[in-house]
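Working notes for the structure below.
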Amino acid sequence: MSNRLEGDPFLVTKEHRRFAEFCDACRRYRYIGLCYGVPGVGKTLSARTYAQWDRIETLSPQLLAGVPPVPEILACRTVFYTAPVNNSPHTIHQEVRSRRRDLSALVSAMRWVLDGRTDYPLTFQGADLTELVIVDEADRLKPVGLEQVRDLYDRSTIGLVLIGMPGIEKRLARYPQLYSRVGFVHHFQPLSVEEMHFVLRHKWQQLGLTIDLSDFTDAEAVAAIIRITGGNFRLLQRLFSQIGRIMAINELRTLTKEVVESARELLVIGPTP
Ligand SMILES: Nc1ncnc2c1ncn2[C@@H]1O[C@H](COP(=O)(O)OP(=O)(O)OP(=O)(O)O)[C@@H](O)[C@H]1O
Ligand SMILES: [Mg+2]
């Protein structure tokens, strides 16, 4: 499951849109795409959202009869896979294969449901519908794991997206066979200052407040948050959980720079990425 906090909406940022376009291109042209970005910028969440993986993961063909239909998943063709820490080629092969089968079974069963039928088979024998496989935590892949992933790509007409930390592109360049198949590279960036303003409006709302940037106190608090988080989503989430706590304990109705700084002191923050 995703590590997003319950009730925290996914914000469609410019970076998410760029990521989605990059995935669409890899899917359309059946290329390998490489996406890298520092920890906490939102790579995993964007990828899960693109694949609608939270939905896919919780549905199963056999249980569809008992739940309201979800026509949105008819268009799903993407498998999201997190490379395990212990990634033998055999494990990767098995796990990706079973996810592709599950996705195809689910989409086919949903078609049945929407046609008013319930007689879909217990074991799915239909065609593989997968068009894109996204491998998260691709830094974990050892050379044989990378070989396995390349084999997976070569054996079927799918696009493949590898997500990792900055530097993965240099590491993969050492494997010419894999690297020569890379069609697109995407650098996942932190939020820009303008976008932070947009995101912070949501955060203020979650605290039951309204932001007013012409008010010096608000502008000062916003500037402090931008400086501390550097547009990093994970830092922002963590900072706001402390801000919420401080404001509740002290029964504060205004989010000031002082509150932001007290919250920052409660966080263990490494060097800002
Ligand atoms: N678009 C978004 N809308 C709302 N919250 C987001 C969004 N993107 C990221 N977040 C928040 O930031 C946190 C970190 O995001 P995520 O786990 O996707 O980062 P990451 O880039 O995959 O990091 P890592 O490299 O450490 O795996 C999420 O748990 C979520 O709370
Ligand atoms: Mg991640």
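Numbering (my numbering), first residue to last: 381 to 653. Every residue, glycine too, gets a C-beta built ideally from N, C-alpha and C.
Check	Outcome
Below 8 Å, can you find three or more Cβ-Cβ pairs linking the segment 436-446 to the segment 466-478?	no
Can you tell me whether Ser382 is helix, strand or coil according to DSSP?	Annotation note: pLDDT 48 at Ser382 (below 50); position unreliable, no value reported.
Between the beta-carbon of Phe564 and the beta-carbon of Phe402, is there less than 7 Å?	yes
Alpha carbon to alpha carbon, how far is Trp584 from Thr597? Give it in angstroms, no decimals.	13 Å
For a test of the three-state rule: what should DSSP assign to Pro653, helix, strand or coil?	With a pLDDT of only 48 at Pro653, under the threshold of 50, the placement of this residue in the model should not be trusted, and no figure is reported.
If we ignore side chains and look at the alpha-carbon of each, how far apart do Val624 and Leu587 end up?	Checking the displayed sequence, the identity of residue 624 turns out to be Gly instead of Val. Approximately 7 Å, taken between the alpha carbons.
Within 6 Å: the Cβ of Thr424 and any heavy atom of ligand 2?	yes
Report the residue ranges of all alpha helix (DSSP H) runs contained in full by the segment 538-591; include only those spanning at least 4 residues, in chain order.	548-552, 556-559 and 573-586
The beta strand (DSSP E) that contains Leu512, what's its start and end?	Leu512 to Asp516
If you count every other CB in all the chains shown that lies within 10 Å of the CB of Arg618, and 16 or more means buried, which is it?	buried
Less than 8 Å between the CB atoms is what I'm expecting for Val459 and Thr510, so what's the real figure, rounded?	5 Å
Does the Cβ-Cβ distance between Lys423 and Ile514 come in under 7 Å?	no
Kindly indicate the opening and closing residues of the beta strand (DSSP E) around Leu414.	Ile412 to Tyr416
Pro441: buried (16+ other C-beta within 10 angstroms of its C-beta) or exposed?	buried
Quick check: is any heavy atom of ligand 1 less than 6 Å from the C-beta of Pro464?	no
What's the gap between the Cα of Glu574 and the Cα of Arg398?	16 Å
Is it true that the segment 494-506 meets the segment 427-434, where meeting means three or more beta-carbon pairs spaced less than 8 Å apart?	no
Rounded to whole angstroms, what is the Cα-Cα separation between Arg581 and Asp592?	9 Å
With a CB to CB cut of under 8 Å and the five nearest residues on each side skipped, what residues in its chain are close to Val640?	Ala601, Ala604, Ile605, Ile608, Leu619 and Ile623
Closest to Ala518 by CA distance: which of Ala628, Pro546, Ser478 and Ser594 is it?	Pro546
What are the partner residues of Tyr461, as DSSP defines its beta bridges?	Val515
Would you call the CB atoms of Gly417 and Arg614 closer than 7 Å?	no
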